[in-house]
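J.: My structure is below; once you've seen it, I'll send some questions.
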Amino acid sequence: MIEASKVNSVEVAESPETDTAANNIEIEVRVRYPECDPMNVVHHAVYPVWMEMARTELLRKRGFTYRNIEVAGHFFAVAKLNVKYLKPAFYDDLLTIKAEIKPTAGVKIEHLYEIHRGNEIICRGETTVVCVDRNGKLQPIPEILR
27 MIEASKVNSV EVAESPETDT AANNIEIEVR VRYPECDPMN VVHHAVYPVW MEMARTELLR
87 KRGFTYRNIE VAGHFFAVAK LNVKYLKPAF YDDLLTIKAE IKPTAGVKIE HLYEIHRGNE
147 IICRGETTVV CVDRNGKLQP IPEILR
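Listed below in structure tokens is the structure:
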């Protein structure tokens, strides 16, 4: 179990990655049957879910969890989502979701995504999330999360 300490009211793992390697991540997913239409093509609404999975793991790689951040009173709301579908994914495909965080300031964090099947890029995306308090009011992103 990772011990945690309070830093700016957000619990952080004692040894998160702090170099540029902590600004990107790759995760693998295998397409499940319920994610597909009757022709075994992945439904368009699934891609943003995979992007969120990668975004969550990127945060974890940096030493945080959404749970700890929310306990400290910080919440992230998706303000913008862009997805460009290049090629379809199919049932049982093994995909790699790559996520990268852009340099951050103010109240927003921007992420870039690529979804790969082998060496081919099948989807690109980007999100902008904003930091809000429990009442939905914009607030600055805590320095430790930038």
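Be aware that the sequence shown starts at 27, since it is given in the numbering used here, and climbs by one per residue.
We put the beta carbon where it would ideally sit given N, CA and C, even for glycine.
From the DSSP output, which residues share a beta bridge with Tyr139?
T.: What you label residue 139 is simply residue 113 of the sequence shown in a count that begins at 1. In the DSSP output, where bridge partners are listed per residue, Tyr139 has Ala125 and Gly151.
J.: Quick check: what's the CA-CA separation for Glu54 versus Leu120?
T.: Here residue 54 corresponds to residue number 28 of the sequence shown, with the count starting at 1. Here residue 120 corresponds to residue number 94 of the sequence shown, with the count starting at 1. Those two C-alpha atoms are separated by around 7 Å.
J.: Which residue from Leu107, Val156, Phe116 and Asn108 puts its Cα closest to that of Pro60?
T.: Walking along the sequence shown from the start, residue 60 turns up at place 34. That would be Phe116, whose Cα lies nearest to the Cα of Pro60.
J.: Using the C-alpha atoms, what's the distance from Asp63 back to Asp118?
T.: The count along the sequence shown starts at 1 and reaches residue 118 at position 92. The count along the sequence shown starts at 1 and reaches residue 63 at position 37. Cα to Cα, the separation comes out at about 13 Å.
J.: Counting pairs of Cβ atoms below 8 Å between the stretch 85 to 94 and the stretch 128 to 146, do you hit three or more?
T.: No: the two stretches stay apart, fewer than three of their Cβ pairs being nearer than 8 Å.
J.: Measure the C-alpha to C-alpha separation of Ala131 and Asn161 and round it to an integer number of angstroms.
T.: The residue labelled residue 131 in the question sits at position 105 within the sequence shown. The residue labelled residue 161 in the question sits at position 135 within the sequence shown. Rounded to the nearest angstrom, the two C-alpha atoms are 21 Å apart.
J.: Taking the continuous beta strand (DSSP E) assigned at Leu107, which residues delimit it?
T.: For the purposes of this step, residue 107 is taken as residue 81 along the sequence shown, with counting starting at 1. First-last of the beta strand (DSSP E) with Leu107: Phe101 to Tyr111.
J.: Since Val75 is in the alpha helix (DSSP H), which residue starts that stretch and which ends it?
T.: Start at 1 with the first residue of the sequence shown, and residue 75 comes out as number 49. Val72 to Lys87 is the span of the alpha helix (DSSP H), which, as asked, contains Val75.
J.: Do Ile148 and His137 count as a contact pair if the criterion is CB distance below 8 Å?
T.: The residue given as residue 137 occupies position 111 in the sequence shown. The residue given as residue 148 occupies position 122 in the sequence shown. In this structure, Ile148 does not lie closer than 8 Å to His137 by Cβ.
J.: First and last residue of the alpha helix (DSSP H) that includes Arg93?
T.: Taking the first residue of the sequence shown as position 1, residue 93 is located at position 67. Taken as a continuous stretch (DSSP letters only), the alpha helix (DSSP H) holding Arg93 covers Tyr92 to Val97.
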